[in-house]
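Q: Residue numbers (numbering that gives the first Met the number 0), protein chains in the order written: chain A, 0 to 253; chain B, 0 to 385.
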Amino acid sequence: MSIAASRGGPAVLARGVSKAFGSGDARVIALQGADLELPCGEVAMLVGPSGCGTTTLISIIAGLLARDQGQLEVLGTDPNALRGDQRTLWRLRTVGFVFQQFNLIPQLSVAENVAIPLVLAGVRRAQALERASDMMARVGLSGRERSAPLKLSGGQQQRVALARALVNEPRMLVCDEPTSALDGATGQSVMELIVETCRHPDRAVIIVTHDERIFRFGDRIAHMDDGRVDRLTDRHGTALGLGAPERTALGFAE
Amino acid sequence: MRLFALKMLFGDAAKFYGILLGLGFATLLISQQSSIFVGLMSRTFGFITDTPQADIWIADPDQRYLDDNKALRTTAVQRIRGIEGLDWAVPLFKGLIMVQLPDGQRQMSQVIGIDDASLIAGPSRMLQGSLDDLRRSDGIIVDERACRREFMVKRPPEGGAPRPLRVGDILELNEMRAEVVGICKATQTFQSQPVVYTTYNRAIQFAPPNRRLTSMILASPEPGQDIDRLCATIRERTGLAAFPTDDFRNKTLNYWMSETGIPINFGTSIILGFVVGVAVAGQTFYNFTLDNLKYFGAMKAMGATTPRLLGMVSLQAATVAVLGFGLGIGVTSLFGLTIPGDRLAFRMTWHIPLIAASAVVLICVGSAALGMYKVLRLDPAEVFKG
Ligand SMILES: Nc1ncnc2c1ncn2[C@@H]1O[C@H](COP(=O)(O)OP(=O)(O)O)[C@@H](O)[C@H]1O
Ligand SMILES: [Mg+2]
Numbered sequence: 000m001s002i003a004a005s006r007g008g009p010a011v012l013a014r015g016v017s018k019a020f021g022s023g024d025a026r027v028i029a030l031q032g033a034d035l036e037l038p039c040g041e042v043a044m045l046v047g048p049s050g051c052g053t054t055t056l057i058s059i060i061a062g063l064l065a066r067d068q069g070q071l072e073v074l075g076t077d078p079n080a081l082r083g084d085q086r087t088l089w090r091l092r093t094v095g096f097v098f099q100q101f102n103l104i105p106q107l108s109v110a111e112n113v114a115i116p117l118v119l120a121g122v123r124r125a126q127a128l129e130r131a132s133d134m135m136a137r138v139g140l141s142g143r144e145r146s147a148p149l150k151l152s153g154g155q156q157q158r159v160a161l162a163r164a165l166v167n168e169p170r171m172l173v174c175d176e177p178t179s180a181l182d183g184a185t186g187q188s189v190m191e192l193i194v195e196t197c198r199h200p201d202r203a204v205i206i207v208t209h210d211e212r213i214f215r216f217g218d219r220i221a222h223m224d225d226g227r228v229d230r231l232t233d234r235h236g237t238a239l240g241l242g243a244p245e246r247t248a249l250g251f252a253e
Numbered sequence: 000m001r002l003f004a005l006k007m008l009f010g011d012a013a014k015f016y017g018i019l020l021g022l023g024f025a026t027l028l029i030s031q032q033s034s035i036f037v038g039l040m041s042r043t044f045g046f047i048t049d050t051p052q053a054d055i056w057i058a059d060p061d062q063r064y065l066d067d068n069k070a071l072r073t074t075a076v077q078r079i080r081g082i083e084g085l086d087w088a089v090p091l092f093k094g095l096i097m098v099q100l101p102d103g104q105r106q107m108s109q110v111i112g113i114d115d116a117s118l119i120a121g122p123s124r125m126l127q128g129s130l131d132d133l134r135r136s137d138g139i140i141v142d143e144r145a146c147r148r149e150f151m152v153k154r155p156p157e158g159g160a161p162r163p164l165r166v167g168d169i170l171e172l173n174e175m176r177a178e179v180v181g182i183c184k185a186t187q188t189f190q191s192q193p194v195v196y197t198t199y200n201r202a203i204q205f206a207p208p209n210r211r212l213t214s215m216i217l218a219s220p221e222p223g224q225d226i227d228r229l230c231a232t233i234r235e236r237t238g239l240a241a242f243p244t245d246d247f248r249n250k251t252l253n254y255w256m257s258e259t260g261i262p263i264n265f266g267t268s269i270i271l272g273f274v275v276g277v278a279v280a281g282q283t284f285y286n287f288t289l290d291n292l293k294y295f296g297a298m299k300a301m302g303a304t305t306p307r308l309l310g311m312v313s314l315q316a317a318t319v320a321v322l323g324f325g326l327g328i329g330v331t332s333l334f335g336l337t338i339p340g341d342r343l344a345f346r347m348t349w350h351i352p353l354i355a356a357s358a359v360v361l362i363c364v365g366s367a368a369l370g371m372y373k374v375l376r377l378d379p380a381e382v383f384k385g
């Protein structure tokens, strides 16, 4: 299945992306020529053994980290080409984040946490809180607006984080090990929620995980090893094309 | 995000109150100690400030400060009066004389003898009687504060409970009769002895025979005369020291500042206040920022620009600065207003809140800058690290 045939337009086009940390003896190569192509409208999983570079790759895709080499286009933009605060504002408009540690601010109410991206985008507080409350209803947390985040269970906190990630309707949702701090059943229900709320023709979801139990939620699974994407499969493990001809067809001019 | 920044601050109650108390305590220590210091120091030259009529102060060349009176010959004033350009010159007696109360108690007191004719350098505020009453025979004016304390008559001759000394009471100064004709409010002297005013000639008589001498001479120039030049002339012609009022006040102040341990003592407290502020408030604020660093990182990832995050830290720092300073200066002011002025020298000049505020600002800016440096160095990719 080529990307052209998939549900939406291209979300991520990455080719030959490399990244190393440190220098000299301490130099660690995190990515060495990673290629990845993800369409909109799908839930993609980025999986692989610990240390293989999954976090580094989504950090680069999400515009948190600059690559050393390679080409990248995320929803039509190369985040690397944006400077400093421009890139920050691009993230604000384009990417929603769900972290392994939920990173909710304990001194703020749940609704206020959810409203942060809106407030950052300049939405007035009252309106932001109202939209946050609507978003909370969508993740099944109606009525918990005024709760303190730490009063909620882990699964609920991750739902709050999801609501926060989605509240300003970003076109891309990036989750790094969203279920690893949760027990199995809670992880499943959070994944169900992510897939339910986010599968949309215009939107892309990228989930980094080591948790095989949630592979089944992915439309496309990119298997990474040693700083490269070496296989692309569907949720049943059936190989999807990762051939060179298709990649050149995607439009990176040689 | 401003409101969120404040909620983050107030929401961390332990740290917030820790910072407030640290800053409040630093402000209190700095402003209160400075105020007492200024109060004490201004007592050393209180008599100079209270005698605005005198523009020139003439004393023995060896006199180091106001109360360090070396006697001048009683004829000195005649020689000064001979210098042209002076409008007037009057002798002043200042000395310790034993005072015996109506019930026989004895008390060493600071007796000030002012010029019989002009009554220049008399007390600035009369509470009972008038300055002119000093012209009555044996008349003295006593300080109201002393009446309630050192001059409390414990066993009144007329019987009854102890009572303050009052107008009409008969005292003995060095075994000579004196009658209280007025009560005044005198600026407290540094050593806090009771103050008794009388005329110069009477004071000379009260004094022991070997101390019947002029303490100082006060003078004022004719209109249009240059004070500095007159002082120079006086020095030349008489060999005495002569100072314009400001110079004499500064000379007195400098003596106390440089020759006593008082500034070191207060300076230590003030520095201690600053150190406590840095140690408690600065440290706590910095820790507060460190605690929040992961949230700042998450916000940075989610799209908070660097100026925005720095703005949040600044707002938090400014808030604790204002509240902490307000708390400290409030307590100091309350202290100053409640403690009676005659019990404790306390004088908060406008410089003092400014100094305390600068210290607070320094502490807050310093710790906020450290926190901001951490925020600046924040790698948003770190948020993905578990
Ligand atoms: N900031 C960093 N500094 C140094 N090495 C890093 C840094 N981030 C990641 N690495 C290294 O790069 C490799 C890939 O890391 P990462 O992308 O986090 O792997 P994972 O697939 O487990 O998420 C690992 O060897 C890791 O130690
Ligand atoms: Mg990882």
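Just so it is clear, CB atoms sit at the ideal spot from N, CA and C, and this is done for glycine as well. In this text, all values refer to a predicted model and were calculated from it rather than measured experimentally.
Compute the beta-carbon to beta-carbon distance between S132/A and D67/A, rounded to the nearest angstrom, for a pair I have assumed lies under 8 Å.
A: What you label residue 132/A is simply residue 133 of the first sequence in a count that begins at 1. What you label residue 67/A is simply residue 68 of the first sequence in a count that begins at 1. About 43 Å; that fails the 8 Å criterion.
Q: Kindly say whether A303/B, judged by its beta-carbon, lies nearer than 8 Å to any beta-carbon of chain A.
A: Here residue 303/B corresponds to residue number 304 of the second sequence, with the count starting at 1. A303/B counts as touching chain A.
Q: Compute the beta-carbon to beta-carbon distance between G75/A and H199/A, rounded to the nearest angstrom, for a pair I have assumed lies under 8 Å.
A: Locating residue 75/A in the first sequence gives position 76, counting from the first residue. Locating residue 199/A in the first sequence gives position 200, counting from the first residue. G75/A to H199/A, Cβ: 17 Å. No contact.
Q: Could you give the residue range of the alpha helix (DSSP H) that holds C363/B?
A: On the second sequence, position 364 is the one that residue 363/B refers to. Element bounds for C363/B: 350-375.
Q: For V46/A and chain B, any beta-carbon pair shorter than 8 Å?
A: The count along the first sequence starts at 1 and reaches residue 46/A at position 47. Chain B contact via Cβ: absent.
Q: Could you pull out every unbroken alpha helix (DSSP H) segment of at least 4 residues lying fully inside the region 142-179 of chain A, listed in chain order?
A: You should have 153-165.
Q: Taking 8 Å as the threshold (beta carbon to beta carbon), is F345/B in contact with chain A?
A: The count along the second sequence starts at 1 and reaches residue 345/B at position 346. Output row for F345/B: interface = no.
Q: Taking DSSP as the reference, what is the three-state secondary structure of Y64/B?
A: Translated into positions along the second sequence, residue 64/B becomes position 65. If DSSP states are grouped into helix, strand and coil, Y64/B belongs with coil.
Q: Using 8 Å as the threshold, is the region 138-156 of chain A in touch with the region 76-94 of chain A, meaning 3 or more CB pairs across them?
A: Taking 8 Å as the limit for Cβ pairs, the verdict is that the region 76-94 of chain A does not touch the region 138-156 of chain A.
Q: Report the rounded CA-to-CA distance for T331/B versus V279/B, giving the unit in angstroms.
A: Indexing the second sequence from 1 puts residue 331/B at position 332. Indexing the second sequence from 1 puts residue 279/B at position 280. T331/B and V279/B: Cα-Cα distance of roughly 19 Å.
Q: Using a 10 Å radius around the Cβ and a threshold of 16 neighbouring Cβ atoms, would you call Q190/B buried or exposed?
A: Along the second sequence, one-based indexing puts residue 190/B at 191. Exposed, by the Cβ-count rule.
Q: Rounded to whole angstroms, what's the CA-CA distance from F450/B to A145/B? Just pull it up for me.
A: Residue numbering for chain B in the displayed model covers 0 to 385; residue 450/B lies beyond these limits and cannot be assessed.
Q: Are any of the Cβ atoms in chain A nearer than 8 Å to that of V319/B?
A: Within the second sequence, residue 319/B is the residue found at index 320, counting from 1. Not one chain A Cβ lies under 8 Å of V319/B.
Q: Applying a beta-carbon distance threshold of less than 8 Å, which residues of chain B neighbour E111/A?
A: For this step, residue 111/A is matched to residue 112 along the first sequence. Correct list: F3, K6.
Q: Taking 8 Å as the CB-CB cut-off, is V374/B touching chain A?
A: Locating residue 374/B in the second sequence gives position 375, where the first residue counts as 1. Not one chain A Cβ lies under 8 Å of V374/B.
Q: Taking only the alpha-carbon atoms, compute the straight-line gap between L8/B and L2/B and give it to the nearest angstrom.
A: Within the second sequence, numbered from 1, the residue matching residue 8/B stands at position 9. Within the second sequence, numbered from 1, the residue matching residue 2/B stands at position 3. In a straight line, the C-alpha of L8/B is about 10 Å away from that of L2/B.
Q: Hey, how far is the Cα of L165/A from the Cα of R376/B?
A: Within the first sequence, residue 165/A is the residue found at index 166, counting from 1. Within the second sequence, residue 376/B is the residue found at index 377, counting from 1. If you take the alpha carbons of L165/A and R376/B, they lie about 27 Å apart.
Q: Taking 8 Å as the CB-CB cut-off, is F98/A touching chain B?
A: Within the first sequence, the letter at position 99 stands for residue 98/A. Yes, its Cβ sits closer than 8 Å to a Cβ of chain B.
Q: If you reduce the DSSP assignment to three classes, tell me which class G329/B lands in.
A: For the purposes of this step, residue 329/B is taken as residue 330 along the second sequence, with counting starting at 1. Helix at G329/B.
Q: Measuring straight from C-alpha to C-alpha, what distance separates V37/B and T348/B?
A: Within the second sequence, the letter at position 38 stands for residue 37/B. Within the second sequence, the letter at position 349 stands for residue 348/B. Answer to the nearest angstrom: the Cα atoms are 8 Å apart.
Q: Report yes or no: do three or more beta-carbon pairs, one from the region 261-270 of chain B and one from the region 29-43 of chain B, lie closer than 8 Å?
A: Yes, the region 261-270 of chain B is in contact with the region 29-43 of chain B.
Q: Out of G159/B, L126/B, R342/B, state which residue places its alpha-carbon closest to the alpha-carbon of V166/B.
A: Along the second sequence, one-based indexing puts residue 166/B at 167. V166/B has its Cα closest to that of L126/B, out of G159/B, L126/B, R342/B.
Q: Decide if T188/B is buried, meaning its Cβ has at least 16 other Cβ atoms within 10 Å, or exposed.
A: Position 189 of the second sequence, counting from 1, holds the residue named residue 188/B. Result: buried.
Q: List the whole-angstrom C-beta distance separating F287/B from K6/B, where the pair is believed to meet the contact cut-off of C-beta under 8 Å.
A: On the second sequence, residue 287/B is found 288 positions in, with the first residue counted as 1. On the second sequence, residue 6/B is found 7 positions in, with the first residue counted as 1. So it is not a contact: roughly 13 Å between Cβ atoms.
Q: Anything in chain B within Cβ reach of T196/A, meaning under 9 Å, just list it in chain order.
A: Taking the first sequence and counting its residues from 1, one reaches residue 196/A at position 197. Those do not exist, as T196/A stays about 18 Å from chain B at its closest Cβ, beyond 9 Å.
Q: When burial is assigned at 16 or more other CB atoms within 10 Å of the CB, is E143/B buried or exposed?
A: By one-based count along the second sequence, residue 143/B stands at place 144. E143/B should be labelled buried.
Q: Measuring from each Cβ to the nearest heavy atom of ligand 1, keep the ones under 5 Å and list them in chain order.
A: Checking every Cβ against the heavy atoms of ligand 1 under 5 Å gives F20/A, V27/A, A29/A, S49/A, G50/A, C51/A, G52/A, T53/A, T54/A, T55/A.
Q: How would you list, in chain order, the residues of chain A whose beta-carbon sits under 7 Å from the beta-carbon of V382/B?
A: As a first step, residue 382/B is located in the second sequence; it is residue number 383 there, counting from the start. The answer, in chain order, is F98, N102.
Q: Note down, in chain order, all residues in the region 281-312 of chain B with a beta-carbon under 9 Å from any beta-carbon belonging to chain A.
A: Hits within the stretch, in order: N291, K293, Y294, G296, A297, M298, K299, A300, M301, G302, A303, T304, T305, P306, R307.
Q: CB-CB under 7 Å to D49/B, same chain, minus the five flanking residues each way: which ones, in chain order?
A: For the purposes of this step, residue 49/B is taken as residue 50 along the second sequence, with counting starting at 1. These residues qualify, in order along the chain: S123, T186.
Q: Using a Cβ-Cβ distance under 8 Å, would G10/B count as near chain A?
A: Taking the second sequence and counting its residues from 1, one reaches residue 10/B at position 11. At least one chain A Cβ lies under 8 Å of G10/B.
Q: Is it buried or exposed for F247/B, if we count other Cβ within 10 angstroms and need 16 for buried?
A: Counting from one through the second sequence, the residue named residue 247/B turns up at place 248. Per the 10 Å Cβ criterion, buried.
Q: Whole angstroms is fine: what's the gap from I18/B's alpha carbon to L322/B's?
A: As a first step, residue 18/B is located in the second sequence; it is residue number 19 there, counting from the start. As a first step, residue 322/B is located in the second sequence; it is residue number 323 there, counting from the start. Roughly 10 Å separates the two Cα atoms.
Q: At what residue ranges does the region 202-254 of chain B contain a whole run of the alpha helix (DSSP H), taking only runs of 4 or more?
A: Complete alpha helix (DSSP H) runs here, min 4: 226-237.
Q: Of all the CB atoms in chain A, is at least one closer than 8 Å to the CB of P379/B?
A: To locate residue 379/B, count along the second sequence from 1; it is residue 380. Yes, because at least one Cβ of chain A sits closer than 8 Å to the Cβ of P379/B.
Q: Can you list, in chain order, the residues of its chain whose CB lies under 8 Å from that of T120/A, leaving out five sequence neighbours each side?
A: Here the question's residue 120/A lines up with position 121 in the first sequence. With the sequence shown as reference, residue 120/A is identified as Ala, and Thr is not the correct amino acid for it. Hits under 8 Å: L91, R92, N167.
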